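Undergrad: One structure is given below, represented as structure tokens, and several questions about it will come after.
Protein chains: 2
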Amino acid sequence: MTAADPILASDTWLARTGPEEHVVVSSRARYARNLPGLPFPMRARPEELAAVAERVAAAVSVHPRFRDGYHLELPGLTPGERTYLKENLLISPEMEKGNEHRAIFLSPDIALAVMINEEDHLRLYALDAGFRLNEVLNAVIALESDLAKSLGFAFSPKFGYLTACPTNTGTGLRASVMVHLPGMVASKQMAEFAKSMPQLGLTVRGFYGENSDHIGDFFQISNEITLGKSEEEIVQAVCHVVERVIEREEQARRSIFEQSRGAAEDEVWRAYGILTHARSMSSDEAVRLLSRLRYGVDRGFFPALSHGELNRLIIAVQPGHLQYGRGAIGPAERDALRAELLRARLASRPSNN
Amino acid sequence: MTAADPILASDTWLARTGPEEHVVVSSRARYARNLPGLPFPMRARPEELAAVAERVAAAVSVHPRFRDGYHLELPGLTPGERTYLKENLLISPEMEKGNEHRAIFLSPDIALAVMINEEDHLRLYALDAGFRLNEVLNAVIALESDLAKSLGFAFSPKFGYLTACPTNTGTGLRASVMVHLPGMVASKQMAEFAKSMPQLGLTVRGFYGENSDHIGDFFQISNEITLGKSEEEIVQAVCHVVERVIEREEQARRSIFEQSRGAAEDEVWRAYGILTHARSMSSDEAVRLLSRLRYGVDRGFFPALSHGELNRLIIAVQPGHLQYGRGAIGPAERDALRAELLRARLASRPSNN
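This is the structure:
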């Protein structure tokens, strides 16, 4: 099991349905953990990284959730495969670099993962579509507890779990949800909303996490601080904000359709018209227009189109996905392929135009 | 015959097919004529205008080409009807004002017309779709010759036919063609082209003539000077330029498709996607997008769509056409009706998307 092909060939996990999927695209909980007596990856020598990878792999490969799953050694993957995994939100931009002794284990249902030798020795995460933060928290708690028995993670009674970056010290937990907020963006609520996050110990990031722009009105909301709080308190805080966000977003969408129904419907249908007819399209424009269609899915304009299908398309139009398996193609050819893919996937589905 | 309804209900003459219709939308030849012994309309008293109208009507109504045609007294039409006629390019903006003793006679096939008491006592014109300047010239020459027998137009051996504005003195002929030049606009040839016209005694105007902007890459090319030249020389000069324009426009379209076929096709299909899906559209945007479709008609993208149908749509989306017969509607409602009309007319026709 070293080829990424089975994952790459399968549909992305984002295509699943989940609670509150009209606003919440996905939920994720991850733990940062390290082995005692070995330096953090950034300061480790190659043989130390190799030792980490070997010990973690031994523990994970016998875990029942990873039976029949995937064990991918990052340096063994092509750059295209790594980009593909990053665009699917399965590995971080850091892992995409493919340095020596980096690996990822994925459960067969792509719901549970262990990244080895990223910033920390281990990054364990559980993820699912929709608003399921408690479920993914429980899944990653169970995994951590199982692996702790054989690996015995580095822990200080004073600071909690020790991590390469101090912001992860403590529980080492990051709970995050990806939300789609076209209503709040259109009604210009996002700046004020983002500003209110730090005082709650939370932060707002773009589609691909830290340092990524917000594209298509997608945002990740997660906890900033892991020290001095229990897992339950952290998840509680994120859940509380996400529940408020869902309400505000629903209210914003209602207001938009009440106050300027014609303009809002016009925007959705124009997006659909362009997506189903253009011959060339950048990934930014594609995501922006697909984002508009979510409105229309909510309003029943596209009975054959689900939120999951839109999520899948947003991933499918990313450069690495279009490039994958095609050899060297230039930007113009990629933009043409993207438009072709969108026409094929969307134009065949009935709409209420 | 005082109601405009029969004309308004019929499809516009622009929907006809004609030679070189991919570039030349229509051809028109008009004579300015005045009755001797009566002041020009601008300086005439009401009873003088009434006398002009009566004498001209008597002559025109017995002319065989106007049998079963239309005799419309402008003050008797509603503002909506007058706007409708102007948008159909049948009356001038000046006639649209509907002042007393103004009238228009139209032949049943809307190919020949006499406007009474516009700037001159008579404006006779012949018009048709496509590049048919010699044909419309011959038609208006024949009409003028017939009417001259009973009306005896004001003529000076030195200046030729006398007209209210000196620029029309001489033959009183204006020969004009409406051309569609998206290729020359896109390749930025229009400024230089327009600049070269005066030295040929010609001028370039917008879709609705003098003082109208060029919308959707439509232009009217016509002679500026009528003095010191014969009808044949005038028409010859316009024809010569139009023939060159057709060549240049064809060359420009070929270059665009050769040099950036993808971008050109993309532009056509995006226009079609928006036209068949938008819920609200201004008339300027509609004309601009319909103008793009002409490219696609040339390339066989829309087998069920003709240049005539596009011409008809360009008129049908004008504010007065949408307003007509609907009572008081606001701009937002009009924009919604326009989008609805475009979807109904275009979406039902098969395309090669």
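Quick note, the sequences are listed as chains P and F, same order. Sequential numbering from 1 applies to the first sequence in this note's numbering. Sequential numbering from 354 applies to the second sequence in this note's numbering. In this text, a Cβ means the ideal position worked out from N, Cα and C, and glycines have one as well. Please read all numbers here as calculations on a predicted model, not as lab measurements.
(1) Residues of chain A with CB closer than 7 Å to the CB of Thr-276 (chain P), please, in chain order.
(2) With DSSP as the reference, identify every bridge partner of Asn-223 (chain P), one or two as the case may be.
(3) Shorter than 9 Å from the beta carbon of Glu-258 (chain P) to some beta carbon of chain F?
(4) Mapping the DSSP letters down to three states, classify Val-52 (chain P) as helix, strand or coil.
(5) Taking only the alpha-carbon atoms, compute the straight-line gap between Pro-391 (chain P) and Gly-433 (chain F) and give it to the nearest angstrom.
(6) Mind reading off the beta-carbon distance from Tyr-346 (chain F) to Ala-697 (chain F)? Whole number of angstroms is fine, and I expect it under 8 Å.
(7) What does Asp-637 (chain F) touch in chain P if you count any residue whose Cβ is under 9 Å from its own?
(8) Give the residues of chain P in contact with Glu-618 (chain F), contact being defined as C-beta atoms less than 7 Å apart.
(9) Pull up the DSSP beta-bridge partners for Gly-170 (chain P), would you.
(10) I'd like to know whether the C-beta of Arg-270 (chain P) is nearer than 9 Å to at least one C-beta of chain F.
(11) At the 9 Å Cβ level, is Ala-692 (chain F) part of the contact set with chain P, yes or no?
(12) Note down the Cα distance separating Asn-470 (chain F) from Thr-579 (chain F), rounded to an integer number of angstroms.
(13) Look at Leu-480 (chain F) and Ser-635 (chain F) and say whether their C-beta atoms are less than 9 Å apart.
(14) Check this for me: beta carbons of Phe-484 (chain F) and Ile-587 (chain F), under 9 Å apart or not?
(15) Taking only three categories from DSSP, how would you classify Thr-355 (chain F)?
(16) At 4 residues or longer, and completely inside the region 375-436 of chain F: list those alpha helix (DSSP H) runs for me, N to C.
(17) When the Cα atoms are used, what is the spatial distance from Lys-97 (chain P) to Phe-207 (chain P)?
(18) Have a look at Ala-336 (chain P) and Leu-275 (chain P) and give me their C-alpha separation to the nearest angstrom.
(19) Assess, as a yes-or-no matter, whether the region 251-258 of chain P is touched by the region 171-189 of chain P under the definition of 3 or more beta carbon pairs within less than 8 Å.
(20) Could you tell me which of P:Ile-104, P:Val-242 and P:Gln-199 sits nearest to Ala-59 (chain P), measuring between CA atoms?
(21) Check whether the Cβ of Leu-402 (chain F) lies closer than 8 Å to any heavy atom of the ligand SAM, and answer yes or no.
(22) State the start and end residues of the unbroken alpha helix (DSSP H) segment that holds Phe-193 (chain P).
(23) Give the interface partners of Gly-262 (chain P) over in chain F, defined as CB-CB distance under 7 Å, in chain order.
(24) Can you give the Cα-Cα distance for Val-415 (chain F) and Thr-520 (chain F), rounded to whole angstroms?
(25) Which residues in the same chain as His-121 (chain P) place their Cβ atom closer than 8 Å to its Cβ, once the five residues preceding and following it in sequence are excluded?
(26) Which one of P:Ser-230, P:Val-238 and P:Arg-292 has the shortest CA to CA distance from Thr-203 (chain P)?
(27) When the distance is taken between beta carbons, is Arg-455 (chain F) closer than 9 Å to Leu-427 (chain F)?
(28) Can Val-493 (chain F) and Leu-477 (chain F) be called in contact, C-beta distance under 9 Å?
(29) Give the single residue among F:Ser-701, F:Thr-431, F:Val-595 and F:Gly-371 whose Cα lies nearest to the Cα of Gly-680 (chain F).
(30) Taking 6 Å as the limit between beta carbons, can you name the residues of its chain near Ala-547 (chain F), skipping five residues before and five after?
(31) Given a threshold of 16 other Cβ atoms within 10 Å of its Cβ, counted over all protein chains shown, does Ala-356 (chain F) qualify as buried or as exposed?
(32) Establish whether the CB of Asn-387 (chain F) and some CB of chain P are separated by less than 9 Å.
(33) Measuring alpha carbon to alpha carbon, tell me which of F:Ile-574, F:Met-543, F:Arg-601 and F:Asp-570 ends up nearest Gly-554 (chain F).
(34) What residue from P:Gly-76, P:Ser-156, P:Arg-67 and P:Glu-192 has the CA that sits closest to Ala-113 (chain P)'s CA?
(35) Compute the Euclidean distance between the alpha carbons of Pro-357 (chain P) and Val-241 (chain P), then round it to the nearest angstrom.
TA: If we stick to the structure as given:
(1) The structure shown contains no chain A; its protein chains are P and F.
(2) P:Leu-202
(3) no
(4) helix
(5) Nothing can be reported for residue 391 (chain P): it is not among the residues displayed for chain P, which extend from 1 to 353.
(6) Outside the displayed range of chain F (354 to 706) lies residue 346 (chain F), so it cannot be described from this structure.
(7) In chain order: nothing, as chain P lies at least about 16 Å away.
(8) Arg-279
(9) Gly-170 (chain P) is bridged to P:Tyr-161.
(10) yes
(11) yes
(12) 20 Å
(13) Taking the C-beta atoms as reference points, Ser-635 (chain F) is found no nearer than 9 Å to Leu-480 (chain F).
(14) no
(15) Unreliable placement is indicated for Thr-355 (chain F), whose pLDDT of 38 sits below 50; the coordinate value is still reported in the next sentence. DSSP places Thr-355 (chain F) in coil when its eight states are reduced to three.
(16) 399-414
(17) Rounded to whole angstroms, the separation of the alpha carbons of Phe-207 (chain P) and Lys-97 (chain P) is 19 Å.
(18) 12 Å
(19) yes
(20) Ranked by how close their Cα comes to the Cα of Ala-59 (chain P), the residues P:Ile-104, P:Val-242 and P:Gln-199 have P:Ile-104 in first place.
(21) Judged by which ligands are present, the structure shown has none, so any question about the ligand SAM falls away.
(22) 190-196
(23) Arg-632, Ser-633, Ala-685 and Ala-689
(24) 31 Å
(25) Counting only Cβ-Cβ distances below 8 Å, and skipping sequence neighbours, we find Arg-33, Asn-34, Leu-35, Leu-38, Phe-40, Pro-41, Val-52 and Val-56.
(26) P:Val-238
(27) yes
(28) Between Val-493 (chain F) and Leu-477 (chain F), the C-beta spacing is below 9 Å.
(29) F:Thr-431
(30) Val-557
(31) A caution first: Ala-356 (chain F) carries a pLDDT of 48, below 50, which makes its placement in the model too unreliable to give a value.
(32) no
(33) F:Ile-574
(34) P:Arg-67
(35) One cannot answer for residue 357 (chain P) here, as it falls past the ends of chain P, which runs 1 to 353.
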